[in-house]
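Please read the structure below before turning to the comments.
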Amino acid sequence: MSLKGRLSINLATTRGSWGFKDAVEGCLRHGITAIAPWRDQIAEIGLAEAARIVKENDLQVTGLCRGGMFPAVDKAGLQANIDDNKRAIDEAVALNADCLVLVVGGLPGSSKDIVEARKMVTDGIAAILPYARENNMPLAIEPLHPMYAADRACVNTLGQALDICVELGSGIGVAIDVYHVWWDPQLEEQIARAGQMDAILAHHICDWLVPTQDLLLDRGMMGDGVIDLPAIRRMIEQAGFHGPQEVEIFSRDNWWKKSGDEVLRTCVERFESVC
Numbered sequence: 002m003s004l005k006g007r008l009s010i011n012l013a014t015t016r017g018s019w020g021f022k023d024a025v026e027g028c029l030r031h032g033i034t035a036i037a038p039w040r041d042q043i044a045e046i047g048l049a050e051a052a053r054i055v056k057e058n059d060l061q062v063t064g065l066c067r068g069g070m071f072p073a074v075d076k077a078g079l080q081a082n083i084d085d086n087k088r089a090i091d092e093a094v095a096l097n098a099d100c101l102v103l104v105v106g107g108l109p110g111s112s113k114d115i116v117e118a119r120k121m122v123t124d125g126i127a128a129i130l131p132y133a134r135e136n137n138m139p140l141a142i143e144p145l146h147p148m149y150a151a152d153r154a155c156v157n158t159l160g161q162a163l164d165i166c167v168e169l170g171s172g173i174g175v176a177i178d179v180y181h182v183w184w185d186p187q188l189e190e191q192i193a194r195a196g197q198m199d200a201i202l203a204h205h206i207c208d209w210l211v212p213t214q215d216l217l218l219d220r221g222m223m224g225d226g227v228i229d230l231p232a233i234r235r236m237i238e239q240a241g242f243h244g245p246q247e248v249e250i251f252s253r254d255n256w257w258k259k260s261g262d263e264v265l266r267t268c269v270e271r272f273e274s275v276c
């Protein structure tokens with residue numbers, strides 16, 4: 002069966018071997034026609050060239066990673082972050098991405114006030130949302146595992162992300178990454194809620210290894226860990242989202258050391274067998 006419309010590769014997964022152009026060529030060799038690049042990868046090759054490659058190969062861009070990182074130590078810093086997110090929206094539009102993924106940011110500076118950090122996140126998204134709406138670019142809040150609350154994302158559950166969506170209205174939804182939400186006892190309830198809101202914009206997959214050697218850079222290939230991937234997939238599909246599953250693996254000491262072709266071959270095999 003064709004992988005078109007079923008499998009996407011987040012280009013973090015092949016970061017150890019390839020830049021943007023090589024990653025696209027590798028994906029096409031393996032029958033994969035959907036990708037999710039990172040902004041630094043786009044900057045390295047140039048936005049115009051990346052957009053040309055996407056268009057000429059009829060690629061689906063399931064998301065651009067990433068916007069967000071709103072909290073700042075002062076108003077000038079917050080404004081700079083807002084301005085950068087508007088540039089990210091422009092890049093996502095140029096790539097015809099399905100959404101701009103938001104990793105919202107953690108505690109700014111030496112702050113211990115997570116409540117204020119979360120307010121900055123909501124205020125920051127509210128500031129860019131009109132621009133996103135004008136450009137028809139959906140924003141996808143990606144809640145991150147609580148271990149990242151201080152430094153990467155103070156929005157840590159799907160419920161928290163959906164509460165922001167309710168507060169801010171149209172043009173915003175969620176990216177559901179199994180690595181970050183698999184543990185949540187309210188996951189099924191909140192996925193159903195997201196479906197009722199038509200808020201699911203992306204579905205990211207990998208696995209949680211036991212033991213985990215690094216909190217950021219030791220994600221597992223699907224089937225190598227403890228996440229019940231088929232169960233979460235069923236929840237998401239029952240909620241009405243049938244877009245590609247996007248493989249996103251940060252693996253400094255394992256998969257990033259292998260050839261890109263081996264990584265993609267394994268991604269396809271595991272997608273077909275365990276997801």
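Under my numbering, the residues of the sequence shown are numbered 2 to 276, in order. Where a beta carbon is used, it is the ideal one built from N, C-alpha and C, also for glycine. Model, not experiment: these values are computed from the prediction.
Worksheet item: In terms of residue numbering, what span does the alpha helix (DSSP H) encompassing SER9 cover?
Response: By 1-based counting over the sequence shown, the position of residue 9 is 8. For SER9, no alpha helix (DSSP H) encloses it; the enclosing beta strand (DSSP E) starts and ends at 8-11.
Practice prompt. Tell me LEU103's beta-bridge partners as DSSP assigns them.
Written response: The residue you call residue 103 lines up with position 102 of the sequence shown. DSSP, once it has assigned bridges, lists GLY68 and ILE142 as partnering LEU103.
Fill in: Test item: CB-CB of ALA37 and VAL62 under 8 Å
Residue numbering aside, residue 37 sits at position 36 when the sequence shown is read from its first letter. Residue numbering aside, residue 62 sits at position 61 when the sequence shown is read from its first letter. Yes, these two residues count as a Cβ contact at 8 Å.
Worksheet entry | Beta-bridge pairing of VAL179 - partner residues as DSSP gives them | As a working mapping, residue 179 is identified with position 178 in the sequence shown. DSSP lists no partner for VAL179.
Worksheet item: Between the C-alpha atoms of CYS268 and MET222, what's the straight-line distance to the nearest angstrom?
Response: Here the question's residue 268 lines up with position 267 in the sequence shown. Here the question's residue 222 lines up with position 221 in the sequence shown. Each residue's alpha carbon lies about 7 Å from the other.
Fill in: N-terminal and C-terminal residue of the beta strand (DSSP E) that VAL248 is part of
Reading the sequence shown from its first residue, position 247 is the one you call residue 248. First-last of the beta strand (DSSP E) with VAL248: 246-248.
Item to complete: Would you check if the segment 135-153 and the segment 97-112 touch, i.e. whether three or more CB-CB distances between them fall below 8 Å?
Response: yes
Fill in: Neighbourhood of LYS22 by C-beta distance below 7 Å, restricted to the same chain and skipping five residues each side
Along the sequence shown, one-based indexing puts residue 22 at 21. The answer, listed in chain order, is ILE46 and ILE54.
Discussion item. Suppose contacts are defined by Cβ-Cβ distances below 8 Å. Is GLN20 in contact with GLN42 by that definition?
Written reply: Residue 20 sits at position 19 when you count from the first residue of the sequence shown. Residue 42 sits at position 41 when you count from the first residue of the sequence shown. It is Gly, not Gln, that sits at residue 20 in the sequence shown. Against a cut-off of 8 Å, the Cβ pair of GLN42 and GLY20 comes out as a contact.
Worksheet item: What whole-angstrom Cβ distance do LEU265 and ILE33 have, given they're in contact under 8 Å?
Response: Taking the first residue of the sequence shown as 1, we reach residue 265 at position 264. Taking the first residue of the sequence shown as 1, we reach residue 33 at position 32. Right, the Cβ-Cβ distance comes to about 7 Å (below 8 Å), so this counts as a contact.
Discussion item. Taking DSSP's pairing of strands, which residues face ALA37 in a bridge?
Written reply: For the purposes of this step, residue 37 is taken as residue 36 along the sequence shown, with counting starting at 1. ALA37 pairs with ASN11.
Item to complete: Mind checking who SER252 pairs with in its DSSP beta bridge?
Response: Numbered from its first residue, the sequence shown carries residue 252 at position 251. Answer by DSSP bridge pairing, in chain order: ASP219.
Practice prompt. Identify the continuous beta strand (DSSP E) that holds LEU202 and give its terminal residues.
Written response: For this step, residue 202 is matched to residue 201 along the sequence shown. Start and end: 201-206.
Item to complete: Check VAL74 in the structure and name its three-state DSSP category.
Response: As a working mapping, residue 74 is identified with position 73 in the sequence shown. Coil at VAL74, not helix or strand.
Worksheet entry | Cross-strand partners of GLY62 (DSSP beta bridge) | In the sequence shown, the residue the question calls residue 62 occupies position 61. Residue identity differs from the one stated: residue 62 is Val in this sequence, not Gly. Partner(s): ILE36 and ALA98.
Fill in: According to DSSP, residues forming a beta bridge with ALA154
On the sequence shown, position 153 is the one that residue 154 refers to. For ALA154, which the question treats as bridged, DSSP gives the partners GLY106.
Discussion item. Please tell me whether ALA176 and LEU145 are closer than 8 Å, where the distance is taken between their beta carbons.
Written reply: Counting from 1 along the sequence shown, the entry for residue 176 is found at position 175. Counting from 1 along the sequence shown, the entry for residue 145 is found at position 144. It is not a contact, given that the beta carbons lie outside the stated cut-off.
Worksheet item: With 16 as the cutoff for other CB atoms within 10 Å, does ASP208 come out buried or exposed?
Response: Position 207 of the sequence shown, counting from 1, holds the residue named residue 208. Result: buried.
Practice prompt. Given a cut-off of 8 Å, decide if TYR132 and ILE90 are closer than it, judged by their beta-carbon atoms.
Written response: Working through the sequence shown from its first residue, we reach residue 90 at position 89. Working through the sequence shown from its first residue, we reach residue 132 at position 131. Yes, the pair counts as a contact, with Cβ atoms nearer than the cut-off.
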